[in-house]
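Just so you know, the sequence shown maps onto residues 786 to 1010 in the working numbering.
Accompanying notes for the structure given below.
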Amino acid sequence: IELNVNESIKIDKNKLKFNYTNPSSSSTSTTIGDIKYKAMDSIIEVDDLGNITAKKIGKTKLKITDITNDISTYIYITVKDGSVPDVKNGKNFTIALKSNGTVWSYGLNTNGQLGIGNNTDENVPVKIEELSNIKKIATGYSHSLALKEDGTVYAWGEGTKGQLGDGNNTDSNVPVKVDGLSNIIKIDAYKNMSMALDKDGKVYVWGEGYSTLPMKVEKKKKIED
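Pasting the structure below:
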């Protein structure tokens, strides 16, 4: 498993599979009993329900014990710096995420899509001062999204279709916080709409065809991506 610092994930017991020979019957068994989880060091924390939280950068392993059948195995976990360098482009503009969590932008700025507090085009990268501790970015036609380490989402640029998620249909040349979202782990944008996925597998959408505020997509199953 690969996690970012402060990111959480839950081990699904139903997806665990132990292959072993049962001495009493000489048959291979995959029936899982009661599970106990143990973090091998302080890189991660885990509770009795299998909820893992990454605490600091490093490599470690999680011990999983089937206490009913007295067998154990390990899941190897890598915890990375939360910000992975990335570059996204919209219509005639580009945003870039550096490994230190800062975001830079350049290109067309008619709708404030550079997020730098004005509507002047830029032919060199300019830092978006309002953003820090960013771990993911996304762009639509003329708007952008940024996901912070704390699970909150910010948007800027064209907002005439509600794609900024702040309850308005107006542009913003500075990042604004998307209302009603928390514990978000992934974001995406497409044309004039925006999307977000939280740690519980719930999907939210806003913008063209939806609302000016995030709407939860009604799905019975947990969404992973």
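Note that the Cβ used here is the ideal one computed from N, Cα and C, for glycine as well.
| query | Mapping DSSP to helix, strand and coil, what is LYS912? | reply | strand
| message | On the CB-based measure, 16 or more other CB atoms within 10 Å of its CB, does ASN877 come out buried or exposed? | response | exposed
| task | Enumerate in chain order the residues of its own chain whose CB-to-CB distance from ALA839 is below 6 Å, with the five nearest sequence positions on each side excluded. | result | LEU788, VAL790, GLU792, ILE829 and VAL864
| query | Near SER917, which residues of its chain fall below 7 Å by C-beta distance, leaving aside the five closest residues on each side in sequence? | reply | GLY886 and THR887
| DSSP bridge partner residues for TYR891 (one or two, in chain order) | THR879
| Same chain, Cβ closer than 8 Å to LYS1005, five either side skipped, listed in chain order | none
| request: Take the Cβ of LEU882 as the centre, count every other Cβ of all protein chains shown within 10 Å, and call the residue buried at 16 or more, exposed below. | output: buried
| said: According to DSSP, simplified to helix, strand and coil, what is ASN799? | reply: helix
| said: Please report the distance separating the alpha-carbon of ILE852 from that of LYS921. | reply: 39 Å
| said: Could you give the first and the last residue of the continuous beta strand (DSSP E) run that contains LYS846? | reply: 843-851
| request: Would you grab the beta carbon distance between GLU993 and LYS946 for me? Rounded to a whole angstrom, and I think it's under 8 Å. | output: 4 Å
| field | Top-ranked residue by Cα proximity to ASP826, from LYS800, ASP797, LEU801 and ILE862 | value | ILE862
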